[in-house]
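In the order they appear, the protein sequences are chains F and A. First residue of the first sequence: 1, per my numbering; consecutive thereafter. First residue of the second sequence: 261, per my numbering; consecutive thereafter. We put the beta carbon where it would ideally sit given N, CA and C, even for glycine. Bear in mind the structure is a predicted one, so any value in this text is a computation, not a measurement. A short write-up of the structure that comes next.
Protein chains: 2
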Amino acid sequence: MQKDTKKEDNQESRYILSSVDNALSIMNLFFDYEELSTAEIAKLIGVSRSTAFRFMVTLENRGFVSKTEYGKYRLGLNLFSLGMLAYNRMELVSMVHPYLSKMAEESGETCHLSILDDGIHVMFIDRALGSSCLRMDTAPGYRQFAHCTATGKAILAFQSDQVVNQYLKKTTFKPRTPNSIKDAQELLQVIDQIKLDGYACDNEEAERGLTCFAKPLLDSSGHAYAAISISGPTTRMSTDKEIHLQHLTDTIESINSLSF
Amino acid sequence: MQKDTKKEDNQESRYILSSVDNALSIMNLFFDYEELSTAEIAKLIGVSRSTAFRFMVTLENRGFVSKTEYGKYRLGLNLFSLGMLAYNRMELVSMVHPYLSKMAEESGETCHLSILDDGIHVMFIDRALGSSCLRMDTAPGYRQFAHCTATGKAILAFQSDQVVNQYLKKTTFKPRTPNSIKDAQELLQVIDQIKLDGYACDNEEAERGLTCFAKPLLDSSGHAYAAISISGPTTRMSTDKEIHLQHLTDTIESINSLSF
DNA sequence: TATACTGTTTAATATAATAAAACAGTATGT
DNA sequence: ACATACTGTTTTATTATATTAAACAGTATA
Chain F
1 MQKDTKKEDN QESRYILSSV DNALSIMNLF FDYEELSTAE IAKLIGVSRS
51 TAFRFMVTLE NRGFVSKTEY GKYRLGLNLF SLGMLAYNRM ELVSMVHPYL
101 SKMAEESGET CHLSILDDGI HVMFIDRALG SSCLRMDTAP GYRQFAHCTA
151 TGKAILAFQS DQVVNQYLKK TTFKPRTPNS IKDAQELLQV IDQIKLDGYA
201 CDNEEAERGL TCFAKPLLDS SGHAYAAISI SGPTTRMSTD KEIHLQHLTD
251 TIESINSLSF
Chain A
261 MQKDTKKEDN QESRYILSSV DNALSIMNLF FDYEELSTAE IAKLIGVSRS
311 TAFRFMVTLE NRGFVSKTEY GKYRLGLNLF SLGMLAYNRM ELVSMVHPYL
361 SKMAEESGET CHLSILDDGI HVMFIDRALG SSCLRMDTAP GYRQFAHCTA
411 TGKAILAFQS DQVVNQYLKK TTFKPRTPNS IKDAQELLQV IDQIKLDGYA
461 CDNEEAERGL TCFAKPLLDS SGHAYAAISI SGPTTRMSTD KEIHLQHLTD
511 TIESINSLSF
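Structure representation (structure tokens):
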């Protein structure tokens, strides 16, 4: 799926075309900024304003960025079209499903695959049910505020600060259980912890008695494009926590070895 | 929204960086091909195999393309991440909604905004209800096979052959009404007609008595990223067809003048 | 009014993109 | 089994082009 290609220590880097690479890293800047001016881009990637200007003319001409009425640049429509195409073609659900089923079978608990579908909600796009009578049973296509779910928090923790800030602006923190995250500050603390731990928990924050663990699926730039989770009754989940975390790690490793 | 920037007759083209532009057009090749080899890319954009090789190393290093186990290239995960980001940030629904409401008010009929959400289904992501008692009334988030809806056909008609072929492979043509499209051949004929007309019809193909007209929203490369439609009872719709088509044209013009 | 920013344009220079050629590997068909 | 025709990869040489600096005009700020 992703080849864990870092920027510097890559032995293939002698073939990288620097101007093209700069153009690609300009697009990646928009993970951290919603709008950027030519001068800001020039500073951020370390080129003169005149070359930054030429980069932006080139990118805008193909619709990869677009200019706002104030002369700033944003991500463009063509990028959205290509992204949807990439999503449709990678067939995330069908490729991940076998591993999700395997994880549900081995862990005995219900497993989910989620994406952030509109900036504030996570959507469960696939699931594999657990083997117990008492198990989590969601409807396919179920949507939920990201901060109420383990997968949502796992995705948010591995997004840029800019995306998180957008989330905080748009979301209302209506508590669903006594354990629900109450405000922006608490969410930011939780996100910091997830970054350290590498996994996210839902300790009865969406529904009493329900505990979930989740880990993110990361692209080559380190951003989460989806997350997988294991969910079940709190008593069982707390006992088997370490086992479940290992299941998540193993499954992600299998998924990453796929070639999308 | 999109600036209708053609490739050649652009007076800004003296600033375009050719190597970056080639890299962007390589990504756009994937609208027409799901997988491409280095040699194929070299032929298609008109460079030597050695430079095409360098382009692909550069693109793969940033996750914009990924290599399959057979050594061919596909669109990469980073492109999906950026596309989702672009989609979330452009806030399609909130930007288009005022125009959709205006169109519903002026036409008196229910209007929809749709995207192709997984390659085979269209999803109605926004609607504005008509003023009549007898009106189309869908649930938000309603999904339907693309070939059964006007918006779905409008989007398919302005996608690459490759996307259409994928659609034909994955879809089952179960007729929903006597007018439903019966097979792949019929759909291809309809698509050709839509390309000529610039709009798509649903003549009681999803539900008896219901007629819809739709037009696509196009990005700078000419691909549909969404579509808008007007829906209502066949008797009214057939009478007011030309008026509704004009409403669609006017609305799209307004949307295109927005800067996403 | 002066300062410090912009985005745009031009021209000069040095860098880096390009293609050609050669190599090794694979698949094809004879 | 052989020959042909493809691959992807690597190196090298040359040319083209990406880059910068400098200058200009416009805007906002103090």
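Member of the options whose CA lies at the smallest distance from the CA of residue i
{"i": "F:L168", "options": "F:Q185, F:F158, F:S180", "result": "F:Q185"}
{"i": "A:N348", "options": "A:F315, A:I385, A:S367", "result": "A:I385"}
{"i": "F:A226", "options": "F:F64, F:E34, F:L113", "result": "F:L113"}
{"i": "F:I45", "options": "F:H244, F:L24, F:T58", "result": "F:L24"}
{"i": "F:E242", "options": "F:F213, F:I228, F:H223", "result": "F:F213"}
{"i": "A:E295", "options": "A:E351, A:Q426, A:C461", "result": "A:Q426"}
{"i": "A:G368", "options": "A:Q449, A:G469, A:S489", "result": "A:S489"}
{"i": "F:L82", "options": "F:R62, F:R54, F:Q246", "result": "F:R62"}
{"i": "A:T370", "options": "A:L337, A:F315, A:L508, A:R314", "result": "A:L508"}
{"i": "A:R436", "options": "A:F418, A:Q404, A:K303, A:T411", "result": "A:Q404"}
{"i": "A:A466", "options": "A:K430, A:Q506, A:T398", "result": "A:T398"}
{"i": "A:I512", "options": "A:I415, A:K475, A:V424", "result": "A:K475"}
{"i": "A:K430", "options": "F:E91, F:I16, F:T149", "result": "F:E91"}
{"i": "A:R314", "options": "A:G336, A:M344, A:N282", "result": "A:N282"}
{"i": "F:H147", "options": "F:L187, F:L129, F:H97", "result": "F:L187"}
{"i": "F:Q193", "options": "F:G222, F:S221, F:A157, F:L218", "result": "F:A157"}
{"i": "F:F30", "options": "F:L75, F:S18, F:R14, F:T38", "result": "F:L75"}
Span of the alpha helix (DSSP H), counted from its first residue to its last, around residue i
{"i": "F:R62", "result": "No alpha helix (DSSP H) holds F:R62; DSSP gives it neither H nor E."}
{"i": "A:Y359", "result": "352-367"}
{"i": "A:I415", "result": "410-417"}
{"i": "F:T234", "result": "234-239"}
{"i": "F:D161", "result": "161-170"}
{"i": "F:L258", "result": "Taken as a continuous stretch (DSSP letters only), F:L258 belongs to no alpha helix (DSSP H), as it is neither H nor E."}
{"i": "F:T38", "result": "38-45"}
{"i": "F:A293", "result": "A question about residue 293 of chain F goes unanswered here, because the residues of chain F that appear run from 1 up to 260."}
Close-in-space but distant-in-sequence residues of the same chain around residue i (CB under 7 angstroms, 5 per side omitted)
{"i": "F:S238", "result": "T211"}
{"i": "F:S254", "result": "Y99"}
{"i": "F:N203", "result": "N179, T211"}
{"i": "F:R208", "result": "T177"}
{"i": "A:V356", "result": "L373, D386, I515"}
{"i": "F:N78", "result": "R62, G63, F64"}
CB contact below 8 angstroms: residue i versus chain F
{"i": "A:G336", "result": "yes"}
{"i": "A:V521", "result": "With chain A covering 261 to 520 only, the question about residue 521 of chain A has no answer from this structure."}
{"i": "A:Q262", "result": "Interpretation of A:Q262 is limited by its pLDDT of 43, a score under 50 that renders its predicted location unreliable; the figure taken from the coordinates is listed afterwards. A:Q262 counts as touching chain F."}
{"i": "A:H483", "result": "yes"}
{"i": "A:R309", "result": "no"}
{"i": "A:D281", "result": "yes"}
{"i": "A:V450", "result": "no"}
{"i": "A:A346", "result": "yes"}
{"i": "A:M350", "result": "yes"}
{"i": "A:F473", "result": "no"}
{"i": "A:T318", "result": "yes"}
{"i": "A:F418", "result": "no"}
{"i": "A:M287", "result": "yes"}
{"i": "A:L277", "result": "yes"}
{"i": "A:D457", "result": "no"}
{"i": "A:R314", "result": "yes"}
{"i": "A:F384", "result": "no"}
Residues near residue i in its chain [Cβ-Cβ closer than 8 angstroms; skip 5 each side]
{"i": "A:D292", "result": "S420, D421, Q422"}
{"i": "A:D443", "result": "F433"}
Run of the beta strand (DSSP E) containing residue i, from where it starts to where it stops
{"i": "A:N463", "result": "460-463"}
{"i": "A:M383", "result": "381-388"}
{"i": "F:I115", "result": "110-116"}
{"i": "F:L29", "result": "Looking at the DSSP string, F:L29 is not in any beta strand (DSSP E); the run it does join, the alpha helix (DSSP H), is 18-29."}
{"i": "A:T328", "result": "Unbroken run through A:T328: none, as it is neither H nor E."}
{"i": "F:K72", "result": "First-last for F:K72: undefined, no H or E at that position."}
{"i": "A:A474", "result": "470-478"}
{"i": "F:R143", "result": "143-145"}
Contacts around residue i, its chain only, beta-carbon distance under 6 angstroms, and the 5 residues preceding and following it disregarded
{"i": "F:L59", "result": "V65"}
{"i": "A:K303", "result": "none"}
{"i": "A:G412", "result": "V382, A406"}
Closer than 8 angstroms to chain A by CB, residue i
{"i": "F:N10", "result": "Reliability of the predicted coordinates at F:N10 is poor, the pLDDT of 42 falling under 50, and the value obtained from them is presented with this limitation in mind. Output row for F:N10: interface = yes."}
{"i": "F:N61", "result": "yes"}
{"i": "F:M95", "result": "no"}
{"i": "F:S37", "result": "no"}
{"i": "F:S66", "result": "yes"}
query: If you pair each beta-carbon of the region 124-144 of chain F with each one of the region 218-234 of chain F, do three or more pairs fall below 8 angstroms?
result: Contact between the region 124-144 of chain F and the region 218-234 of chain F is present, because at least three Cβ pairs lie under 8 angstroms.
Would you call the region 190-202 of chain F and the region 105-123 of chain F in contact, with 3 or more CB pairs under 8 angstroms?
Counting Cβ pairs under 8 angstroms, fewer than three are found: no touch.
Flag this pair as touching only if the region 355-365 of chain A and the region 326-340 of chain A have three or more C-beta atom pairs under 8 angstroms; answer yes or no. Under the 8 angstroms Cβ criterion, the region 355-365 of chain A does not count as touching the region 326-340 of chain A, having fewer than three qualifying pairs.
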